[in-house]
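Chemist: Line order of the protein sequences matches chains R and L. Throughout the first sequence, residue numbering follows this note's numbering, covering 24 to 837 in sequence. Throughout the second sequence, residue numbering follows this note's numbering, covering 67 to 286 in sequence.
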Amino acid sequence: MTVNLLNKNQFILLLAKRNILANKKTTAVIIITLSLIFAIFMMMLGIRGIYKDIFTKEFQYEYENIDIVITYDEYSPARFINKRYITQNYEEVDYALAFFNLQVLLDHSDDLFYGQLHSALSHELEILLDIDVDIEDYEMLITETLAFNQGLKIGDQINFSIFGKEFTYTISAITPDQGVFRGDAFFIDKEDLLEAIYGMDYLNNFGNVIYIKTDNIENVYEQLTLDETYSDYGIKLVIDGERIDALISEYISIISLAGFIVLVALAIVLNSLFLIVLRDIYQEIGVFDTLGDNKKTGYIVCYFQWLIYIGISFLIGTIIAHIVANIGGQIYGIKEFLLINPLIIVLTLLIIISLIIFNNFILIKKFHKRNSIDKIKDKRSVMAKANYFIQALVLLILLVTLIVKPFDTKFNALIIVATSIYLSLGFSIILLKIMARIISKRKTVFALFNTKHMDLNKNIHQALNVIFIALMVVTIMLTVRFFISDQIEEVRANNKFNLVMTNIQDYNENLIDEIKTYDVTNADPVLIYSDVLVSLASNDIFLIRMLVSIDQSAYNHYYGDDISFVDEDIQNNELPYILLASSFKEVYGLNVGDIITIDLNPEIRDFTFVLGGFLDSEFDQFAYTNLSEKLTEYSLRYNAIMINSDNPEAAMSELIKGFGSRMFYLIDGQAELERQISRSYSVLSLFTVLTVFIVSSFMFVVFNNTLLKFYSLKNDYSKIKVLGLSDKFNFNNLFKEFLVLFSCLIVVGIVEVFILSRYLREILLFFDYYKHMTADLYITIFSYVLIFISLLLSYIYYYSKVKSISLSEEIRII
Amino acid sequence: MRIIEVRNLNKYYLQGKDKNHILKNISLNVNEGDFLGIIGPSGSGKTTLLYCLSSLETIDEGEILFEGENIKDFNDKKVSDLRQKSFGFIFQFYNLIPNLTAYENILLASVIANKINEERIDSLLETVGMKEYKNYFPNEMSGGMQQRVAIARALVNEPKVIFADEPTGNLDQKKGKEIMDLLHKLNKENNITIILVTHNEDYLKYCSRTINLIDGEFIE
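The structure is reproduced here in structure tokens:
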């Protein structure tokens, strides 16, 4: 249908649209590939933001309607907190709720189980959970989880003991898990409880945890942390930006590294699309030239075409990215919709548009130099011209960096990885050309046709590059994924303690003897500090979740690490020594003998240690010190006891009965460990979703690229079919071509995997992180298998397309 | 009036390490309204000569003057102007844009020259006998039909010279004759200068002049 066109731009747009619609299948392949590029690019650029969102929402779910939590430091002697001071002196506080939380052993019809007591005034629970609480004296409200786990129902009677007092309460209501009131939790009114225990009912302002809601979180938090009244307590922001950033660093740095490689790979995949888009436009540009076009109309048609591809693909890609991110979020447990940062979306669009414009400009500039007749008549596939000079230069840079190491570790590693990938891409093509030339000496169709294209056809070279980079991406994504899961298993294997008794304010050795009268195999005092801030001489600061000090002889009852390697000089140093995870050596350039300063808790700040060495562990949230050998010197006391038992459940039950009244808090070590690990598992689950998506996408890209190869060679295949080549011969030739390509991939891929294995971990230093991550043999083999399957399937499809070419149609356009 | 003047034109092609002397000291004049036929065996250099005359190919030595101006000195803009306003091209393989209709292929030339005249396009389609096929795409047309469209495209901007490179080479005798009749008619009625390359001596009768090109040298 002719359109009434007097406007040149309308004409250009029409031709661009027609070009796109004339080759629907090619267009579909381009749009699908470009959409995947957009989606993956967006997710990789936005991954830190996605996880930040997830962690923030996780904390919001956990502490609904609360902004700040004040609690006793479980390893410090403080007990009760009075909220009155807050309500009287902090005007910006909306409310402060004093809860009394305790782990309690419950008894229902002789079934014993643990529950987390939450006790406050009823209206305080109403404020906290935004529900109606209607319970009478000696009635309790329980969570659905507790009801389900223990088969409880309204009307059941529950017995328990607190501080030596026996209580019987009736379940009067069951409520869905919400905020802090979740899991095996139950609520009873604090007035009843404190009156029964202390004979006083005016202790309503007291609790061992205060939940605070405020409109000015930053201000109130700052004031509280500086307030002497609360110097013994732990003051925690529910949404703590620094903590979230620390979590992101801990979990996401390694994922960001994979993301960096993926982004480079996407640029290479994008590059492979240009030849197919420009192929048909070249002829049009030649015709435009002969008609006297000096305004580069043909090139503008090309850019319009890209604009249309970009417009459609950007939309589809954004949708795909959000679907994948939200599937991952749902698996993590986030109910709300996760939105990728709009700035990231815009940045993705700008980067890809820039890459396209730049690439287009380079290609068209080269093409423009040819004369008009060549542009029209030369219907050959674009011939590849190798630039050996640049490759030689890059090789020189690689060798100099490997030998001389002119820069610091991370920059050297980056140069080595970047140059090796570049050389691998080039070398895979050189290898292909060598193989093709050896084979081409024969007088066969394979030699004259397939190998000629393998030697010279840029489409095939691009396709090999895409296969290679897909292999790298798949290998790295799988390596990171399995590394994270291996790390989790390592943590599980290294932490062997069954129980930890905490909240011990006045330790003495009799306590150990007492505990040993129970069914325990080991009981050892320990000094534990959690969430300690470490400062270095270089002014670097980082957080360590757990700093532990226990007698060296007892250490291996509870932990799997080796700590026996510390030098005698360090051991005899007047300062206590500390052992950190080995990654700190690389990240901060630490050495044995360095001085480390730590804020152990709000009371004990700037405590000095000497660095005694490095633990052979990837888990960098744990550190060991021999501070327990210098307790008297520093006026410190043990604040916890580690306990192992052959029957930990029974032992825990008995120990709670025996020591609960002294407000010692017994932690199920393995349950606590699982709780700590659960976040890692959730992160891993989300990353697994991303890995599956990215690996699948790259396998699809490999498939797509073979299709693009077919479309570029369709005409040539028609010609040889016209000359009488049978389908059987075509099948054989394509199979041989597949084998040649895969052989090149095996050789070059193995070398590159080895290099990446060695140097990728050092690139992590850009993210202030370091892990001894390497690609193992099984992952490498598995990656090869995936790419093999993808390539094989694509060639099978390629053969079916060659087989079904309509010769009469193709010949008309030869 | 002399429209094209060629003086001592030499053209070389590199084939591997060898430098082939394709056109050897060609000198000729083309007058306005001429129907010049360039004939010669395969490989004689006639297409190369045509491309040189029409600025599609650069020359190595000599001069080609169009209306007194040496086109060797023309920059890109001036060459484009020539192609837009003064020259028209007809190729053996038509070189239509596959994704544009017959009408649009002709329109394309006028859009580039910024001389859009829809009436003229319709009139040309009628002249070449393609009016009822104006909405057909090239793959829906026969070779003869495509060539007619190509001729209409070549004429739309009222060129002074039409360069035709084996315009009937891809057509059967009957259609070839129709095309030649059309070109002859345009030459006679509109005084358009036509330079035709052909290997078919039967078509020489349409020409007012003939040049024989053998091994890059011409014999008039």
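All residues carry an ideal CB built from backbone N, CA and C; glycine is no exception.
1. At 4 residues or longer, and completely inside the segment 600-628 of chain R: list those alpha helix (DSSP H) runs for me, N to C.
2. Which bits of chain R does ASP142(L) rub up against, with CB to CB less than 9 Å?
3. On the CB-based measure, 16 or more other CB atoms within 10 Å of its CB, does GLU251(R) come out buried or exposed?
4. Can you tell me which of the three DSSP states ARG73(L) falls into?
5. Taking 8 Å as the threshold, find out whether the segment 643-653 of chain R comes into contact with the segment 526-541 of chain R through three or more Cβ pairs.
6. Which same chain residues end up closer than 7 Å to VAL610(R) when comparing Cβ atoms and leaving out the 5 residues on each side of it in sequence?
7. With distance defined between alpha-carbon atoms, name the residue in ARG107(R), ASN88(R), THR313(R) nearest to PHE229(R).
8. Measuring only the C-alpha atoms, how far is ALA230(L) from VAL263(L)?
9. For chain L, check one thing: does any of its Cβ atoms lie closer than 8 Å to the Cβ of ILE396(R)?
10. Is the Cβ-Cβ distance between GLY321(R) and ILE308(R) less than 8 Å?
11. To the nearest angstrom, report how far apart ASP238(L) and HIS391(R) are at their CA atoms.
12. Within the same chain, show all residues whose beta-carbon is closer than 8 Å to that of SER640(R), passing over the 5 residues directly before and after it, in chain order.
13. Listing by chain order, which chain R residues have their CB less than 7 Å from the CB of SER189(L)?
14. Would you mind stating whether ASN227(R) and LEU144(R) have Cβ atoms separated by less than 8 Å?
15. Kindly indicate which three-state DSSP category LEU141(R) falls into: helix, strand or coil?
16. Of all the options VAL825(R), LEU768(R), LEU689(R), which has the alpha carbon lying nearest to the alpha carbon of ASN755(R)?
17. Can you find a CB in chain L that lies within less than 8 Å of the CB of THR50(R)?
18. For ALA179(L), which of ASN201(L), LYS144(L), LEU119(L), GLY82(L) has the nearest alpha-carbon?
19. Throw me the rounded Cβ distance for the HIS580(R) and ASP529(R) pair, which I believe falls under 8 Å.
20. Please confirm whether VAL300(R) and ILE53(R) have their CB atoms less than 8 Å apart.
21. Terminal residues of the continuous alpha helix (DSSP H) containing LEU94(L)?
22. What are the residues that DSSP puts in a beta bridge with TYR108(R)?
23. Could you please tell me which residues of the segment 70-93 of chain L, in chain order, have their CB closer than 8 Å to any CB of chain C?
24. In the DSSP output, which residue or residues are listed as bridge partners for GLU129(L)?
25. At the 8 Å Cβ level, is GLU307(R) part of the contact set with chain L, yes or no?
26. Please look up how many angstroms separate the CB atoms of VAL127(R) and ILE220(R), rounded, as I've assumed it's under 8 Å.
27. Quick test of your reading: ILE717(R) and ILE63(R), contact by CB under 8 Å. State the CB separation rounded to the nearest angstrom.
28. Output the distance between the C-alpha atoms of THR341(R) and ILE368(R), rounded to the nearest integer angstrom.
29. Is the beta carbon of PHE733(R) less than 8 Å from the beta carbon of TYR821(R)?
30. For ASP691(R), which residues does DSSP report across the bridge?
31. Excluding sequence positions up to five away, which residues of its chain have a Cβ less than 6 Å from the Cβ of PRO100(R)?
32. Pull out every residue of the segment 743-758 of chain R whose Cβ sits closer than 8 Å to any Cβ of chain L, in chain order.
33. Counting only the same chain and skipping the five closest in sequence on each side, list residues whose C-beta sits under 7 Å from that of ARG68(L).
34. What is the DSSP secondary structure of TYR225(R), reduced to helix, strand or coil?
35. Assuming the contact rule is C-beta atoms closer than 8 Å, LYS112(L) and ILE125(L) should be a hit. Round their C-beta distance to whole Å, please.
36. Does chain L have any CB closer than 8 Å to the CB of THR25(R)?
Modeler: Straight from the coordinates:
1. 606-611
2. ASN317
3. It is exposed - the Cβ of GLU251(R) has fewer than 16 other Cβ atoms within 10 Å.
4. strand
5. no
6. LEU788, ASP791, TYR792, TYR793
7. It is ARG107(R).
8. 6 Å
9. yes
10. yes
11. Each residue's CA atom was taken as its position, placing ASP238(L) and HIS391(R) some 35 Å apart.
12. Hits under 8 Å: GLU513, ASN517, ASP584, ALA604, SER605.
13. Per Cβ cutoff of 7 Å: no residues; SER189(L) is ~16 Å from chain R at best.
14. Between ASN227(R) and LEU144(R), the C-beta spacing is below 8 Å.
15. According to the sequence displayed, residue 141(R) carries His and not Leu. For HIS141(R), the three-state secondary structure derived from DSSP is strand.
16. VAL825(R)
17. no
18. LYS144(L)
19. In fact, because the Cβ distance is near 24 Å, the residues do not count as touching under 8 Å.
20. yes
21. From DSSP, LEU94(L) is part of no alpha helix (DSSP H) but of the beta strand (DSSP E) over 84-97.
22. Beta-bridge pairing links TYR108(R) to no other residue.
23. Among the protein chains of the structure shown, namely R and L, there is no chain C.
24. GLU129(L) is bridged to ARG73(L).
25. yes
26. Wrong, their Cβ atoms sit about 13 Å apart, outside the cutoff.
27. 6 Å
28. 8 Å
29. yes
30. LEU522(R)
31. Annotation note: pLDDT 46 at PRO100(R) (below 50); position unreliable, no value reported.
32. Legend: CB atoms of the segment 743-758 of chain R lying less than 8 Å from CB atoms of chain L are not found in any residue.
33. ASN95, ASN97
34. coil
35. That belief does not hold up - the Cβ atoms of LYS112(L) and ILE125(L) are roughly 15 Å apart, past 8 Å.
36. Interpretation of THR25(R) is limited by its pLDDT of 46, a score under 50 that renders its predicted location unreliable; no figure is taken from the coordinates.
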